[in-house]
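J.:
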Amino acid sequence: MQWPQRPVLDSDVSCEGAGLRYFRRRCSSFDGRLLGLVFGSLAFFSIAVSLVFAFAGAWLIVPFAGLEVAGLAFSAWWVLRRSRDFERIACDGDRILVEASEQGRLQRAELNRCWAKLVTAADGSLALRSHGREVVIGRYCGEQTRQALVRELRSRLGAQGI
Amino acid sequence: MSKKWMQKSTAALALFLWSVAAMAEYKLNLQTPQTVLGEKIYDLHTIITIVCFVIFIGVFGFMFYSVFKHRKSVGHKAAQFHENTAVEVAWTLIPFLILIAMAVPATGTLIAMRDTSEPDMTIKATGYQWKWGYDYLKGEGEGISFYSNLSTPRAQIDGTDIAGRNANPHYLLETDTHVVVPVGKKVRVLVTAADVIHAWYVPALAVKQDAVPGFIRDTWFKAEKAGIYRGQCAELCGRDHGFMPIVVEVMEPAQYSAWVAEQQKKMAANKVDPNKTWTLDDLKVHGQKIYAQNCVACHQATGMGVPNAFPALAGSKVVLGDKAEQIKLLLAGKQGTAMASYKQLSDVDLAGVITYTRNAWSNKTGEAIAPAEIKAARN
Amino acid sequence: MEAAHAPAHGHAHDDHGHKPSGIMRWVKSTNHKDIGTMYLWFSFTMFLVGGVMALIIRSELFQPGLQIVQPDFFNSMTTYHGLIMVFGAIMPAFVGFANWLIPMQIGAPDMAFPRMNNLSFWLLPPAAMLLIAAQFMPGGGAGVGWTMYAPLSTQAGPAMDLTIFAVHILGISSIMGSINIITTILNMRAPGLTLMKLPLFCWTWLITAYLLVAVMPVLAGAVTMTLTDRHFGTHFFNAAGGGDPVLYQHIFWFFGHPEVYIIAIPAFGVVSQVIPAFSRKPLFGYASMVYATASIAILSFMVWAHHMYTSGMPVEAQLYFMYATTLIAVPTGVKVFNWVATMWKGSLTFETPMLFALGFLFLFTLGGFTGLVLSITPVDVQLHDTYYVVAHFHYVMVAGALFSAFAGIYFWLPKWTGRMYDETLGQWHFWLSLIFFNVTFFVQHFLGLAGMPRRIPDYALQFTEFNMISSIGAFGFGLSQLLFLYIVIKCIRSGEKAPDKPWDGADSLEWTHLPTPAPWHSFETPPVIK
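In order, the protein sequences belong to chains B, G and W. Under our numbering, think of the first position of the first sequence as 1, with each following residue one higher. Under our numbering, think of the first position of the second sequence as 1001, with each following residue one higher. Under our numbering, think of the first position of the third sequence as 2001, with each following residue one higher.
Shown next, in the form of structure tokens:
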């Protein structure tokens, strides 16, 4: 196993002249088959074992196995819903395009570069505001990347923000 | 200087080896087996331990060679290999073969160990909190029945008689009655319990069997040599788990027959005349004996119990209240507490002990409970 | 398209916001490092509590007779020493390692479910409180043994109810922790980090978490049935009502045997990281290590009744369980051989982590061999419930799991705190622990062979000398652990600054890709693994 020698902690905001391209996905090495196999076999095993014991007279294991399978199912559902989440920002000419997929729902917003400004939304997340509308950005990244994004956006926006 | 040191360390080593050898006679290994099966188990244990020891020396020979030769401080450069299929297959297969070789004698011994068929005599051992009860069910001595309590004096245990303890070669391993069996006869032991799980364990006879309440398990032994063999309850069974030993006395057949005759005579003599009328004093005297055997461990000789663990009987509401309630309690025990059922005791014993508790210490009800009342309550 | 932007849910939020301060930082923390630290301190505290209980036991057994405690209290000590060490000390210690290391080793910013992570830690202190409070219930703690066999447990006092409740809470915590670990390892890996490239520590935890999820409902069911037998008139384990006390043992050990590996397998993982690092050589037989660990896990479901050879079983069942149990020696042997082969022709140095790893290897193998002796049914019937078994499982649990945890702590302490521990003191800690451990437990083999049952507060005079030696060793071992506490505090407060990679041979991501001390969020951007 060979690791790169240098830490790769740089931001992946790329700038080409005045243009800006930004893309982040949720940290997810999701592999549906693997997850299904692991969670599915666990659920199957727990239920099967509890049924065997129930057959031997100790039926009180069944409800606990049931609860656990519910927990497994919830976790799987949670991961599945979010596995394809991403966010991308493009800034070209006068337009800023923000596209985000959250829990499988694709959301798009187009803002005017001259009017948009960077704000902190009510819940503390980073957002772009223009014409009374707030568009959350900077979701799936850490503090360093977020600061790099703020730096790059600030130099391009018309209005003063944070 | 160094010569002196050498001499000293040699002497120390010799002393150490001598002490190990001295202890080896009786302490570093399983007890000397007194049955053929026990010898087989003993040998099996020796063989497996030697096999393990040899593998251990082999593996850690490699490790320590590596520790001394492949260290950085002697300038060893690390090789970078990280697999070798042939070696890996070999060290998977070879242990597997060793295991098969070990399983063969183990299988034979296990099957022999579990073969309880065609016994010469059968004894039932019942575990109680905290004593053993024995019933001779079949074979010579059929019908003999007794309890076996720890006979080490309380004073030796709680430290008021340390000299007595130190002088007692069978401290905690002595009982008031012995399980007597003849030499050379296959004895099947049916093991069960009345309250919680106990285990009937006599190391020299190579038997250990859990006593499970409500179920009967069996084991067997055939002692080859007359003698007294001692064991203990081996399954945690509550407060006095450490204080319910087992003493098996193996006798020559003639002696055994004499013992049986003596027991049968004693039983006939002890047989209580069902029509005897018991006076309050008779019952109290009899009851005090029963109390000392069965109750004193928890409720104490003072009748004061142990605070927060075992209730006092002196001044107790149950003891001073309705006698029917107390009889019921002794017959059924109390669910969820250490108070077990004592229905195994005879009507006279129960009547005696109840009478005793109602008239001892500060309790002065003046009531005598007739054995007939117990008999009636049983139905 | 106009789209309303709902605020982002889930853990993405925890990425921003700065490190909070004060006590609330710990109470509300969703950061894997904070939670890992809390797990480790909690486990050390419980280790001291359980240790004091062990010392009470050993004080009473220092000489024959009842001098210090009464039998009921003694039984309560053996019970809670076991429960607290297993559920309060060893398991949380390795969950602490998992929290600290898994995200760093797979290139993730944090665990998959940070809030659940917080909850699974904060369930532990109340459970520990219940176990301690049980001592003060009327009648004292439940003297039933950590196995809580019915019907002794159904007749125990109210302390038993608190104990059952505590076990439930610990079980919930374990299940949540395990689901979190499985999901983290499967779903948060850096691009290119395929399963067969995972560091072995992650592999062992993936397998351990699988075992935990598989058996925890069984334990919960077992204690619940004890509870309903006690209070709600059921008769699962009561023969008088048609139940079977031995059924409890089957259920308990169906959980209990995998539990043994739940403790041992992460220890294998730690050692598999430490030995290559100080041998300056890659782990020998990585793939066979993974397969051996998985085989041990699978076999652990098939051997439970070897704890019950004397409970009464058909001879065929005893034969089966004997064969299956001896089989475990094969994959375990493979692991030991692989570790030795990793050292072979390496370039070895012997800093404290390596010393503890070697102590683990040597003594765990010894415990494995006594395990093999015990797996042979006729021999086990002689040794079952004697001190031989006590010696055996302390070789596996203390010299196995605990030594491995010490190895791991010395190994990663520089990365966690940014400071080096005192090497001289660390080596003292190792040698003292090693010597006193053996003084305590080696002689217990002889006690067991000679026939001394376990869990007795007083013993026949022939056992006196070895018990005395064992008690002296126990006090030495206990005191040595205070030195460990001192070393850790000294390291945190005034240790020398540690370099990013203090160990030459360490090769997992936390050493190669992260600065020392590790940053608040491990990997903001996943590294690319080739």
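The beta carbon of each residue, even a glycine, is placed where N, CA and C say it ideally should be.
Do we get a CB-CB distance below 9 Å when we pair Gly1305(G) with the residues of chain W?
T.: On the second sequence, position 305 is the one that residue 1305(G) refers to. Chain W, which has no Cβ nearer than 9 Å to the Cβ of Gly1305(G), makes this no.
J.: What number of angstroms, rounded off, separates the C-alpha of Val2274(W) from the C-alpha of Ala2324(W)?
T.: Position 274 of the third sequence, counted from the start, is the residue given in the question as residue 2274(W). Position 324 of the third sequence, counted from the start, is the residue given in the question as residue 2324(W). Their backbone Cα atoms lie some 31 Å apart in a straight line.
J.: Considering only DSSP beta bridges, list what Tyr22(B) is partnered with.
T.: In the first sequence, the residue the question calls residue 22(B) occupies position 22. Its beta-bridge partners are Ile89(B).
J.: Measuring CA to CA, which of Lys1077(G), Val1036(G), Asp1218(G) is closest to Pro1119(G)?
T.: For the purposes of this step, residue 1119(G) is taken as residue 119 along the second sequence, with counting starting at 1. Nearest option by C-alpha distance: Asp1218(G).
J.: Let's test the definition: count the other Cβ atoms within 10 Å of the Cβ of Leu149(B) and tell me whether it reaches 16, buried, or not, exposed.
T.: The residue labelled residue 149(B) in the question sits at position 149 within the first sequence. By the 10 Å Cβ count, Leu149(B) comes out buried.
J.: Give the residues of chain W in contact with Thr145(B), contact being defined as C-beta atoms less than 8 Å apart.
T.: Position 145 of the first sequence holds residue 145(B). In chain order: Glu2524, Thr2525.
J.: Please go through the same chain and pick out, in chain order, the residues whose beta-carbon is closer than 7 Å to the beta-carbon of His2392(W), but skip the five residues on each side of it.
T.: As a working note, residue 2392(W) is residue 392 in the third sequence. Within the same chain, His2392(W) has close Cβ partners Gly2367, Thr2370, Gly2371, Leu2374.
J.: Whole-angstrom Cβ separation of Thr2417(W) and Ile2492(W), contact assumed at under 8 Å?
T.: Position 417 of the third sequence, counted from the first residue, corresponds to residue 2417(W). Position 492 of the third sequence, counted from the first residue, corresponds to residue 2492(W). Correct: roughly 5 Å between the Cβ atoms.
J.: Does DSSP put Gln1146(G) in a helix, a strand or coil?
T.: Taking the second sequence and counting its residues from 1, one reaches residue 1146(G) at position 146. At residue 1146(G) the sequence reads Phe, which differs from the Gln that was named. Phe1146(G) falls in the strand class under three-state DSSP.
J.: According to DSSP, simplified to helix, strand and coil, what is His1045(G)?
T.: As a first step, residue 1045(G) must be located in the second sequence, where it is residue number 45. Helix, per DSSP.
J.: What first and last residue would you give for the alpha helix (DSSP H) that runs through Gly40(B)?
T.: In the first sequence, the residue the question calls residue 40(B) occupies position 40. Taken as a continuous stretch (DSSP letters only), the alpha helix (DSSP H) holding Gly40(B) covers 32–55.
J.: Write down every uninterrupted run of the beta strand (DSSP E) in the region 1106–1176 of chain G whose length is 3 residues or greater and which is fully enclosed by it, in chain order.
T.: Here the runs fully enclosed are 1121–1128, 1131–1138, 1145–1148.
J.: How big is the Cα-Cα spacing for Leu2152(W) and Leu1345(G)?
T.: Numbered from its first residue, the third sequence carries residue 2152(W) at position 152. Numbered from its first residue, the second sequence carries residue 1345(G) at position 345. Between Leu2152(W) and Leu1345(G), the C-alpha separation is close to 22 Å.
J.: Is there contact here, the region 2260–2275 of chain W with the region 1204–1220 of chain G, by at least three beta-carbon pairs under 8 Å?
T.: As far as the Cβ criterion goes, the region 2260–2275 of chain W does not touch the region 1204–1220 of chain G, which means the pair count is below three.
J.: Taking buried to mean at least 16 other C-beta atoms within 10 Å of its own C-beta, is Thr2326(W) buried or exposed?
T.: Here residue 2326(W) is taken as the residue at index 326 of the third sequence, counted from 1. Classification of Thr2326(W): buried, given that the 10 Å Cβ count is 16 or more.
J.: Go ahead and pull the three-state DSSP assignment for Ile1369(G).
T.: Here residue 1369(G) corresponds to residue number 369 of the second sequence, with the count starting at 1. Note: Ile1369(G) maps to coil in three-state DSSP.
J.: Any C-beta of chain W sitting closer than 9 Å to the C-beta of Gly142(B)?
T.: Here residue 142(B) is taken as the residue at index 142 of the first sequence, counted from 1. It does: the Cβ of Gly142(B) has a partner Cβ on chain W nearer than 9 Å.
J.: Judging by CA-CA distance, which residue of Ala2399(W), Thr2224(W), Ile2263(W) is the nearest neighbour of Leu2432(W)?
T.: In the third sequence, residue 2432(W) corresponds to position 432, counting from 1. Considering only alpha carbons, the answer is Ala2399(W).
J.: Could you say which of Thr1160(G), Ala1309(G), Arg1071(G), Asp1210(G) lies nearest to Lys1124(G) if we only look at CA atoms?
T.: Looking up residue 1124(G) in the second sequence gives position 124. Nearest of Thr1160(G), Ala1309(G), Arg1071(G), Asp1210(G) to Lys1124(G), Cα basis: Asp1210(G).
J.: Give me the Cβ distance between Phe1146(G) and Thr1122(G), rounded to the nearest whole Å; I'm assuming they're in contact under 8 Å.
T.: Against the second sequence, residue 1146(G) aligns to sequence position 146. Against the second sequence, residue 1122(G) aligns to sequence position 122. Not quite, the Cβ-Cβ distance comes to about 16 Å (not below 8 Å), so this is no contact.
J.: Please report the straight-line C-alpha distance between Ala1309(G) and Ala1338(G), rounded to a whole angstrom.
T.: Taking the second sequence and counting its residues from 1, the one referred to as residue 1309(G) is at position 309. Taking the second sequence and counting its residues from 1, the one referred to as residue 1338(G) is at position 338. Taking the straight line joining both Cα atoms gives about 9 Å.
J.: Nearest by alpha-carbon distance to Thr2525(W): which of Lys2028(W), Ala2190(W), Thr2147(W), Thr2224(W) is it?
T.: Position 525 of the third sequence holds residue 2525(W). When each option's Cα is compared against that of Thr2525(W), the closest is Ala2190(W).
J.: Pick from Ala2287(W), Ile2106(W), Thr2352(W): whose alpha carbon is nearest that of Glu1083(G)?
T.: One-based indexing of the second sequence puts residue 1083(G) at position 83. It is Ala2287(W).
J.: Determine whether the beta carbon atoms of Thr1152(G) and Ile1246(G) lie at a separation below 9 Å.
T.: Looking up residue 1152(G) in the second sequence gives position 152. Looking up residue 1246(G) in the second sequence gives position 246. No, Cβ-Cβ distance for Thr1152(G) and Ile1246(G) is not below 9 Å.
J.: Please report the Cβ distance between Ile2181(W) and Ile2102(W), rounded to the nearest whole angstrom; I am assuming they are in contact, meaning their Cβ atoms lie under 8 Å.
T.: As a working mapping, residue 2181(W) is identified with position 181 in the third sequence. As a working mapping, residue 2102(W) is identified with position 102 in the third sequence. Confirmed, about 6 Å.
J.: Output, in sequence order along the chain, the residues in the region 1078–1090 of chain G whose CB is closer than 7 Å to any CB in chain W.
T.: Correct list: Ala1078, Ala1079, Gln1080, His1082, Glu1083, Glu1088.
J.: Show which residues of chain B have a CB atom less than 8 Å away from the CB atom of Tyr2210(W).
T.: Mapped onto the third sequence, residue 2210(W) falls at position 210. Correct list: Val38, Leu42.
J.: Assuming Ile89(B) and Leu20(B) form a contact by the criterion Cβ under 8 Å, report the distance between their Cβ atoms to the nearest whole angstrom.
T.: For this step, residue 89(B) is matched to residue 89 along the first sequence. For this step, residue 20(B) is matched to residue 20 along the first sequence. With 8 Å as the limit, Ile89(B) and Leu20(B) qualify as a contact, their Cβ atoms being about 7 Å apart.
J.: May I have the straight-line CA-CA distance separating Met2354(W) from Thr2512(W), to the nearest angstrom?
T.: Here residue 2354(W) refers to the residue found at position 354 when the third sequence is read from its first residue. Here residue 2512(W) refers to the residue found at position 512 when the third sequence is read from its first residue. The straight-line gap from Cα to Cα measures roughly 19 Å.
J.: Short of 8 Å Cβ to Cβ, which residues in the region 1061–1079 of chain G face chain W?
T.: The residues in question are Phe1062, Met1063, Ser1066, Val1067, His1070, Arg1071, Lys1072, Ser1073, His1076, Lys1077, Ala1078, Ala1079.
J.: Name, please, each residue of chain B whose Cβ falls closer than 8 Å to the Cβ of Ala2214(W).
T.: Stepping through the third sequence from its first residue, residue 2214(W) is reached at position 214. Near Ala2214(W) (Cβ distances below 8 Å), the residues of chain B are Leu42, Phe45, Ser46, Val49.
J.: Is the region 1130–1142 of chain G in contact with the region 1070–1087 of chain G, if contact means three or more CB pairs nearer than 8 Å?
T.: Touching, no.
J.: Just to confirm my understanding: we take Asn2099(W), look at its own chain, exclude 5 residues before and 5 after, and list those with CB closer than 8 Å. What are they?
T.: As a working mapping, residue 2099(W) is identified with position 99 in the third sequence. These residues qualify, in order along the chain: His2032, Lys2033, Ile2035, Gly2036, Tyr2039, Met2111, Asn2117.
J.: Give me the Cα-Cα distance between Thr145(B) and Glu152(B), rounded to the nearest whole angstrom.
T.: In the first sequence, counting from the first residue as 1, residue 145(B) sits at position 145. In the first sequence, counting from the first residue as 1, residue 152(B) sits at position 152. In a straight line, the C-alpha of Thr145(B) is about 11 Å away from that of Glu152(B).
J.: According to the neighbour-count rule (16 or more other Cβ atoms, all chains shown, within 10 Å of its Cβ), is Arg1378(G) buried or exposed?
T.: To locate residue 1378(G), count along the second sequence from 1; it is residue 378. With fewer than 16 Cβ atoms within 10 Å of its Cβ, Arg1378(G) is classed as exposed.
J.: Please tell me whether Leu2246(W) and Val2167(W) are closer than 9 Å, where the distance is taken between their beta carbons.
T.: Here residue 2246(W) corresponds to residue number 246 of the third sequence, with the count starting at 1. Here residue 2167(W) corresponds to residue number 167 of the third sequence, with the count starting at 1. According to the sequence provided, residue 2246(W) is Val. The question's Leu does not apply to it. Contact: no.
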